[in-house]
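Following: one structure in structure tokens, then a few remarks.
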Amino acid sequence: MTGEENTEEITKLREIRWKTHLSQRVQDFAKVISDDDVFEKYFGQPYVEKLTSKSKDITKLVFKLGVIYTALMLSLFASHNVSESEFEVFGYGFKNLGSYKELLLFLAVSISPISAILLAYQKYINALVTECLKKLAPDESTRKFYSFTFTDDYFDGLISRNSGASTYWHGSVKLLTVVFGFTLLFLLITLIAGSFFIQISVIYDVATKPSLSQYVNLFVLVYAITSILFSWLISILQFPMPEVDLRNYSRLSELENNDPDKYKELMRKFSAESSKKEAISTIITSFVIYMSIFTAIVFYWHPSSLDDLTFILGKGMSGAFIVLFFSNELMGFIRKRVLAWFFRNYSEGVPNRLVMFGKVQKFLLFIRMIVPAVMSIGYAFYALRAIN
Numbered sequence: 001m002t003g004e005e006n007t008e009e010i011t012k013l014r015e016i017r018w019k020t021h022l023s024q025r026v027q028d029f030a031k032v033i034s035d036d037d038v039f040e041k042y043f044g045q046p047y048v049e050k051l052t053s054k055s056k057d058i059t060k061l062v063f064k065l066g067v068i069y070t071a072l073m074l075s076l077f078a079s080h081n082v083s084e085s086e087f088e089v090f091g092y093g094f095k096n097l098g099s100y101k102e103l104l105l106f107l108a109v110s111i112s113p114i115s116a117i118l119l120a121y122q123k124y125i126n127a128l129v130t131e132c133l134k135k136l137a138p139d140e141s142t143r144k145f146y147s148f149t150f151t152d153d154y155f156d157g158l159i160s161r162n163s164g165a166s167t168y169w170h171g172s173v174k175l176l177t178v179v180f181g182f183t184l185l186f187l188l189i190t191l192i193a194g195s196f197f198i199q200i201s202v203i204y205d206v207a208t209k210p211s212l213s214q215y216v217n218l219f220v221l222v223y224a225i226t227s228i229l230f231s232w233l234i235s236i237l238q239f240p241m242p243e244v245d246l247r248n249y250s251r252l253s254e255l256e257n258n259d260p261d262k263y264k265e266l267m268r269k270f271s272a273e274s275s276k277k278e279a280i281s282t283i284i285t286s287f288v289i290y291m292s293i294f295t296a297i298v299f300y301w302h303p304s305s306l307d308d309l310t311f312i313l314g315k316g317m318s319g320a321f322i323v324l325f326f327s328n329e330l331m332g333f334i335r336k337r338v339l340a341w342f343f344r345n346y347s348e349g350v351p352n353r354l355v356m357f358g359k360v361q362k363f364l365l366f367i368r369m370i371v372p373a374v375m376s377i378g379y380a381f382y383a384l385r386a387i388n
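Per the working numbering, the sequence shown starts with residue 1, numbered consecutively.
In structure tokens:
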């Protein structure tokens, strides 16, 4: 069995398949261009060139919108964190920004959904380009380098695999690669967490210190919160979504009876895949839970701290890394212990083994929610106590 066939076999036997909405559209497109005559007549290289040109234009536009958004949010953030009515940035002076905070916030949050929609569309375009490149260059090794004619991969020249079967990278190179990965992850979390806390701080300032009438202020606040939530929902909708296949259990039972060795091999692969997905899921879940709980507790018990730059970007972002790290480590430990208990007490052939395994999965899902929630609550009150 080849690696590709093995992957298809595993996918077919999964109870829950994780797939994006985009993947279905891409599959439909792949069927259309599978006909060589159709591909040559309507698509081909000119089609790829036009799509990549669109993608690059979107990148430029999103970058410009990002600069404008950052300038507006930082101006709002700075306007309630300086004692003077005037301050300077790179030699340019700004006066009385507090008098226009509702307008600035309205303009800033209007950019978020536009950028989110543009990025989602760009992702769709890039996926279509990838499918076309598979037709233009069927060989994968050739396609990897041919694709640079149309697309950009800025990190491809930085990291590579071993150069041969009898050679391997020195440990120092592997260490640098790991440090690079953690630094990139740290940068990403910092940008997301920092952006989120700055948004909360700005919205709180506009809510508590309005510069316009009550109804205009309320409209801007509701619009801002809705716009930010809409942007986050667009991003979430692009993640893989679970699709349940009820034929899973019958297929597994049939495979277990007909080919026990293959069944055990696939179960081991399921376990390895599940561990990787569990780690990614734990990190994402912990991050969302921490941001929600930390913000809610601070807003309810000590809302004035949202105006404190040191607290928001210091304590708030530090807590994100602490909760993410310890939640992942603790969940990994709990998962190993629980699964070891299950396989020790429910070996193959024990009645209700699959039913019990389902209960174990639900218990682990519950623990995945509880662990970061408890840590987030504890850290939030610790951070608040430190500023009292």
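Think of the CB as a built atom: it goes at the ideal place given N, C-alpha and C, for glycine as much as any other residue.
Phe-150 places its beta carbon less than 7 Å from that of Val-48. For Asn-217, the closest alpha carbon among the candidates Pro-260, Ile-289, Glu-102, Leu-188 is that of Glu-102. Around the Cβ of Pro-372, a 10 Å sphere holds 16 or more other Cβ atoms; the residue is buried. The three-state reading of DSSP puts Lys-209 in coil, since its state is none of H, G, I, E or B. Spanning the alpha carbons of Thr-70 and Pro-113 requires a straight line of approximately 14 Å. Here the region 288-297 makes contact with the region 374-381; the two share three or more CB pairs at distances below 8 Å. Of the residues Arg-368, Phe-343, Ala-279, Ser-231, the one whose Cα lies closest to the Cα of Met-356 is Phe-343. Bridge pairing for Met-241: Lys-19 [DSSP].
Relative to Ile-236, the option among Glu-40, Cys-132, Leu-119 whose CA is nearest is Leu-119.
The criterion of a C-beta distance shorter than 7 Å is not satisfied by Val-173 and Ser-115.
Around the C-beta of Thr-52, 16 or more other C-beta atoms lie within 10 Å, and the residue is accordingly described as buried. Burial of Lys-315 is indicated by the presence of at least 16 other C-beta atoms within 10 angstroms of its C-beta. Within the region 140-189, the complete alpha helix (DSSP H) runs of at least 4 residues fall at 140-146.
DSSP places Phe-43 outside both helix and strand once states are collapsed to three, so it counts as coil. The three-state secondary structure of Pro-138, taken from DSSP, is coil. In the three-state DSSP reduction, Asn-352 falls in the coil class, being neither helix nor strand. For Gly-319, the enclosing alpha helix (DSSP H) has its first and last residue at 317-345.
Leu-136 is positioned such that its CB atom lies no closer than 7 Å to that of Phe-29. In this structure, Ile-322 is the residue among Ile-228, Val-222, Phe-230, Ile-322 with its C-alpha nearest to the C-alpha of Ala-380. For Ser-34, the three-state secondary structure derived from DSSP is coil.
Of the residues assessed, Gln-45 falls on the exposed side of the cut-off, its CB having fewer than 16 other CB atoms within 10 angstroms. 7 Å or more divides the Cβ of Val-178 from the Cβ of Phe-77. With a threshold of 16 other beta carbon atoms within 10 Å, Phe-197 meets it and is buried.
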